[in-house]
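Chemist:
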Amino acid sequence: MIQSSFTERNLRILFPLPAVVFIGLLMVFPILYTLYLSFTNWNLTSGMEASFVGLNSYLRVFFEPRFLRAVGRTFSFTVSAVAIEVVLGVAIALILNRAFVGRSLAKLLLLLPLVATPVAVGIVFNLFYDPTIGLLNFALDAIGLPQGRWVSSENTVIASLVLVDVWQWTPMITLIVLAGLAGLSEEPVEAARVDGASEWQILRYVTIPMVMPVILTAMILRLIDALKTFDIIFAMTGGGPGYASETLNIMGFKYSFEYFRMGQSSVILVALFLVVLLCSLGIMKLRASSEN
Amino acid sequence: MKKNKIVSTVLFYLLVLIIALVVLFPFLWMLTSSFKTQVDIISWPPKLFFEPTLQNYRKVFEEQDFLKYFFNSTLVGAMAVGLSLLLGLPAAYSISRFAQKKLALFILLARLMPGISFLMPWYIIFSRLGLMDSYVALILSHMLIALPIVVWIMSTYFNTIPRELEESAMVDGATRQLAFLKIILPLSGPGIITATTLSFIFSWNNFMFSQVLSMERTKTLPIAVYNFLSYAEVDWGGVMAAAVAIMAPALILTMIFQKYVVKGLTMGAVKG
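Chains as they are written, first to last, in the working numbering: chain A, 1 to 292; chain B, 1001 to 1272.
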């Protein structure tokens, strides 16, 4: 009896404890370890012990043009993908937000890209983009437009990858916004209609402002995931041609598991970690302020 | 006026059709290519009509040992989800009932942080422990995918179960932990289905962790599909058949549990 009351009194600690210990061991400790390694020049292939070099690895990485370009590319990929996804996703949600025959089928279709294995999606798009046998060049040729080299060209590789991300993740925005629209009360729209507002005005001044918090949250969730995009880039281009599609995540992966320069890779990982952390804190702030 | 209505209805369905086609197109192209011979795939112009062959699937399942990778993916996903439920359900209950917002945030961080910032240290640690290419390492890594999803979905779900239910049981002398087990958990079926389906799919699709931590013995499906590419000349038919084989289970799960998956994916952004 006494024992069980101890359990009960401390339930708020005991219940979450295993999960917290697990995350501590598998997430917090590794992150701290990465932070430690970033102050060393450890190279796994050299067979030497890690030696402390202060900020040396940071300086070497930060003054590396390849790193700066990877940072820029990470942001340009993320911003363009998410911007297109939000605009398209909201537009499609507004189109589908009415009763129609086949609505539940349409919603099922929208789910499919979200659960499709990204590596496999990337490979399918590679066949689509292939300069000599791909359907895209054939279609362009058929309507008299010039063909491209898509993921094989430095100039078009990022745009081609963005398109894949847009195909896969626009439905996520649509589904979230549809769920948000379903939760809105009809009254403001009815009131505006009674006051003689046009459908466009209702959309612009009533509906969209009401779902704005949902749109924002969906956008930031996507933003955080897009910053970490790995699978499709790795499968489709491996960061190439050259380094033309190398984002922070891909560069960190190569430094870790191809060059085994753990000191410098840790610096890249810390940089990526900070970028994502700052964006995540942004999301918390935004959610908190929308709750008040 | 009536004519206008017909025009706008036709336009609307046309738009829906276009959206559906764009969404479906890669799946359809993947599926048809998986039944084509290499000659048909590389022929120009691309062939819409061709004689279907099962040779690609035969290759995938007979030459490539796909059943083993299939087993590995299933085992790792099922274990990771099962253990995450074991750790995550009590944590989610506690977060819900004691309003532990900071704790929720801490666990959610595992979902937000880039996987590679743990993967590199794991690689070093698991190598030293002799756990490379082991199911243990792979399951632990996939738990970090599944656990935040379980906690996130279940704490939201527990919020919808009235506190009065377990409180009245506690008045009758039951402990809170017993009330959780006997009253709350039996009511949590829909939430658990959502959490299980979604976290299993995310584990199933994970590429990066398995690419680094597994080798021949524990290789999972995404790695097997990716390895198809590393041959000198891409065997497109084989890759497409492999892509179909890996996507099919996740797509079928999604069709069966459609409502739950939608709920799980949109829960983060829409309250209620």
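Ideal Cβ positions, reconstructed from N, Cα and C, are used throughout, including at glycine.
(1) Could you have a look at threonine 40 of chain A and say whether DSSP puts it in helix, strand or coil?
(2) Counting pairs of beta carbons, one from the stretch 83-99 of chain A and one from the stretch 1208-1221 of chain B, are three or more of them closer than 8 Å?
(3) From threonine 1266 of chain B to isoleucine 176 of chain A, what distance separates their C-alpha atoms?
(4) I want to verify the contact list: residues of chain B whose CB lies under 8 Å from the CB of threonine 7 of chain A, in sequence order.
(5) From leucine 59 of chain A to lysine 254 of chain A, what does the alpha carbon distance come to, in whole angstroms?
(6) Taking 7 Å as the CB-CB cut-off, is alanine 70 of chain A touching chain B?
(7) Any Cβ of chain B within less than 7 Å of the Cβ of methionine 1 of chain A?
(8) DSSP on phenylalanine 1071 of chain B, reduced to helix/strand/coil?
(9) Which of helix, strand or coil does DSSP assign to phenylalanine 1050 of chain B?
(10) At least one CB of chain D closer than 7 Å to the CB of arginine 261 of chain A: is that the case?
(11) Determine the DSSP secondary structure at phenylalanine 52 of chain A, reduced to helix, strand or coil.
(12) Looking at the C-beta of leucine 1112 of chain B, does it have a partner C-beta in chain A at a distance below 7 Å?
(13) Is it true that the CB of glycine 1238 of chain B sits closer than 7 Å to the CB of asparagine 1072 of chain B?
(14) So isoleucine 220 of chain A packs on valine 276 of chain A, CB below 8 Å; how close in whole Å?
(15) Return the chain-ordered list of same chain residues with a C-beta closer than 8 Å to the C-beta of valine 86 of chain A, the five sequence neighbours on each side being excluded.
(16) Could you tell me which chain B residues have their CB closer than 8 Å to the CB of tryptophan 169 of chain A, listed as they occur along the chain?
(17) Would you decide whether asparagine 10 of chain A is buried or exposed? Buried here means 16 or more other CB atoms lie within 10 Å of its CB.
(18) Apart from the five residues on each side of it in sequence, which residues of its chain come closer than 8 Å, Cβ to Cβ, to isoleucine 53 of chain A?
(19) At 4 residues or longer, and completely inside the stretch 1130-1197 of chain B: list those alpha helix (DSSP H) runs for me, N to C.
(20) Can you give me the C-alpha to C-alpha distance between valine 1225 of chain B and proline 113 of chain A, rounded to a whole angstrom?
(21) Going by the CB atoms, is the gap between phenylalanine 257 of chain A and leucine 1087 of chain B shorter than 7 Å?
(22) Rounded to the nearest angstrom, what separates alanine 1242 of chain B and glutamate 186 of chain A at their Cα positions?
(23) If you run the structure through DSSP and keep just helix, strand and coil, what is glutamate 8 of chain A?
(24) Give me the residue from B:Ala1091, B:Leu1144, B:Met1120 and B:Tyr1135 with the minimum Cα distance to phenylalanine 1200 of chain B.
(25) Do the CB positions of asparagine 249 of chain A and isoleucine 1124 of chain B come within less than 7 Å of each other?
(26) Below 8 Å on C-beta distance, what does isoleucine 1095 of chain B contact in chain A?
(27) Could you name the residues of the stretch 1030-1048 of chain B whose beta carbon sits closer than 9 Å to any beta carbon of chain A, in the order they occur along the chain?
(28) Count the other CB atoms, across all protein chains shown, that sit within 10 Å of the CB of leucine 229 of chain A; report buried if there are 16 or more and exposed otherwise.
(29) For leucine 1024 of chain B and leucine 1031 of chain B, what's the separation of their Cα atoms in angstroms?
(30) Near tyrosine 1260 of chain B, which residues of its chain fall below 6 Å by C-beta distance, leaving aside the five closest residues on each side in sequence?
(31) Got a sec: is the Cβ-Cβ distance from aspartate 231 of chain A to anything in chain B below 7 Å?
(32) Using a Cβ-Cβ distance cut-off of 7 Å, determine whether glycine 282 of chain A contacts chain B.
(33) Report the option in A:Val79, A:Ala179, A:Val151 and A:Glu8 whose CA atom is closest to the CA atom of serine 1094 of chain B.
(34) Hey, is threonine 34 of chain A's beta-carbon within less than 7 Å of any beta-carbon in chain B?
(35) In or out: aspartate 165 of chain A buried (at least 16 other Cβ within 10 Å) or exposed?
Modeler: Well, looking at it:
(1) Counting from one through the first sequence, the residue named residue 40 of chain A turns up at place 40. Of the three classes helix, strand and coil, the one that applies to threonine 40 of chain A here is strand, per DSSP.
(2) no
(3) Reading the second sequence from its first residue, position 266 is the one you call residue 1266 of chain B. Reading the first sequence from its first residue, position 176 is the one you call residue 176 of chain A. About 5 Å.
(4) As a first step, residue 7 of chain A is located in the first sequence; it is residue number 7 there, counting from the start. By Cβ distance, chain B contributes Thr1175 and Gln1177.
(5) Counting from 1 along the first sequence, the entry for residue 59 of chain A is found at position 59. Counting from 1 along the first sequence, the entry for residue 254 of chain A is found at position 254. If you take the alpha carbons of leucine 59 of chain A and lysine 254 of chain A, they lie about 19 Å apart.
(6) As a first step, residue 70 of chain A must be located in the first sequence, where it is residue number 70. Closer than 7 Å: no.
(7) Locating residue 1 of chain A in the first sequence gives position 1, where the first residue counts as 1. In this predicted model, methionine 1 of chain A has a pLDDT of only 45, less than 50, meaning its place in the structure is not dependable; the value taken from the coordinates is given anyway. No, methionine 1 of chain A lies away from the interface with chain B (no Cβ there is under 7 Å from its Cβ).
(8) As a position in the second sequence, residue 1071 of chain B is number 71, starting the count at 1. Correct three-state label for phenylalanine 1071 of chain B: helix.
(9) As a working mapping, residue 1050 of chain B is identified with position 50 in the second sequence. Three-state result, phenylalanine 1050 of chain B: coil.
(10) Of the protein chains in the structure, A and B, none is chain D.
(11) Taking the first residue of the first sequence as position 1, residue 52 of chain A is located at position 52. Here phenylalanine 52 of chain A sits in strand by DSSP.
(12) Within the second sequence, residue 1112 of chain B is the residue found at index 112, counting from 1. It does; some Cβ of chain A falls within 7 Å.
(13) Translated into positions along the second sequence, residue 1072 of chain B becomes position 72. Translated into positions along the second sequence, residue 1238 of chain B becomes position 238. Going by C-beta atoms, asparagine 1072 of chain B is not nearer than 7 Å to glycine 1238 of chain B.
(14) Numbered from 1 along the first sequence, position 220 holds the residue referred to as residue 220 of chain A. Numbered from 1 along the first sequence, position 276 holds the residue referred to as residue 276 of chain A. So it is not a contact: roughly 12 Å between Cβ atoms.
(15) Taking the first sequence and counting its residues from 1, one reaches residue 86 of chain A at position 86. Answer for valine 86 of chain A: Ile173, Ile215, Ala218, Met219 and Arg222, listed in chain order.
(16) Translated into positions along the first sequence, residue 169 of chain A becomes position 169. Near tryptophan 169 of chain A there are no residues of chain B at all, since even the closest Cβ is about 11 Å away, more than 8 Å.
(17) One-based indexing of the first sequence puts residue 10 of chain A at position 10. Asparagine 10 of chain A comes out exposed.
(18) In the first sequence, counting from the first residue as 1, residue 53 of chain A sits at position 53. A small correction: the amino acid at residue 53 of chain A is valine; isoleucine does not occupy that position in the sequence shown. Phe39, Thr40, Asn41 and Gly263, listed in sequence order.
(19) 1135-1159, 1164-1171 and 1176-1179
(20) Within the second sequence, numbered from 1, the residue matching residue 1225 of chain B stands at position 225. Within the first sequence, numbered from 1, the residue matching residue 113 of chain A stands at position 113. So the two alpha carbons sit approximately 18 Å from each other.
(21) Counting from 1 along the second sequence, the entry for residue 1087 of chain B is found at position 87. Counting from 1 along the first sequence, the entry for residue 257 of chain A is found at position 257. Contact: no.
(22) Locating residue 1242 of chain B in the second sequence gives position 242, where the first residue counts as 1. Locating residue 186 of chain A in the first sequence gives position 186, where the first residue counts as 1. Each residue's Cα considered, the two are about 48 Å apart.
(23) Mapped onto the first sequence, residue 8 of chain A falls at position 8. Note: glutamate 8 of chain A maps to helix in three-state DSSP.
(24) Looking up residue 1200 of chain B in the second sequence gives position 200. Measuring from the Cα of phenylalanine 1200 of chain B, the nearest candidate turns out to be B:Leu1144.
(25) Taking the first sequence and counting its residues from 1, the one referred to as residue 249 of chain A is at position 249. Taking the second sequence and counting its residues from 1, the one referred to as residue 1124 of chain B is at position 124. Result no, Cβ atoms of asparagine 249 of chain A and isoleucine 1124 of chain B do not sit closer than 7 Å.
(26) If you number the second sequence from 1, residue 1095 of chain B lands on position 95. What isoleucine 1095 of chain B touches in chain A: Pro16.
(27) Met1030, Ser1033, Ile1041, Ile1042, Ser1043, Trp1044, Pro1045 and Pro1046
(28) As a working mapping, residue 229 of chain A is identified with position 229 in the first sequence. Note that residue 229 of chain A corresponds to threonine in the displayed sequence, not to leucine. Buried is the call here.
(29) The residue you call residue 1024 of chain B lines up with position 24 of the second sequence. The residue you call residue 1031 of chain B lines up with position 31 of the second sequence. About 11 Å.
(30) One-based indexing of the second sequence puts residue 1260 of chain B at position 260. Taken in chain order, the residues that qualify are Ile1193, Thr1194 and Thr1197.
(31) Your numbering for residue 231 of chain A matches position 231 in the first sequence. Closer than 7 Å to some Cβ of chain B, the Cβ of aspartate 231 of chain A qualifies, so yes.
(32) Counting from one through the first sequence, the residue named residue 282 of chain A turns up at place 282. For glycine 282 of chain A, the answer is no, since every Cβ of chain B falls outside 7 Å of its Cβ.
(33) As a first step, residue 1094 of chain B is located in the second sequence; it is residue number 94 there, counting from the start. The residue with the shortest Cα to Cα distance from serine 1094 of chain B is A:Glu8.
(34) If you number the first sequence from 1, residue 34 of chain A lands on position 34. Output row for threonine 34 of chain A: interface = yes.
(35) The residue labelled residue 165 of chain A in the question sits at position 165 within the first sequence. When all chains shown are included, aspartate 165 of chain A counts as buried.
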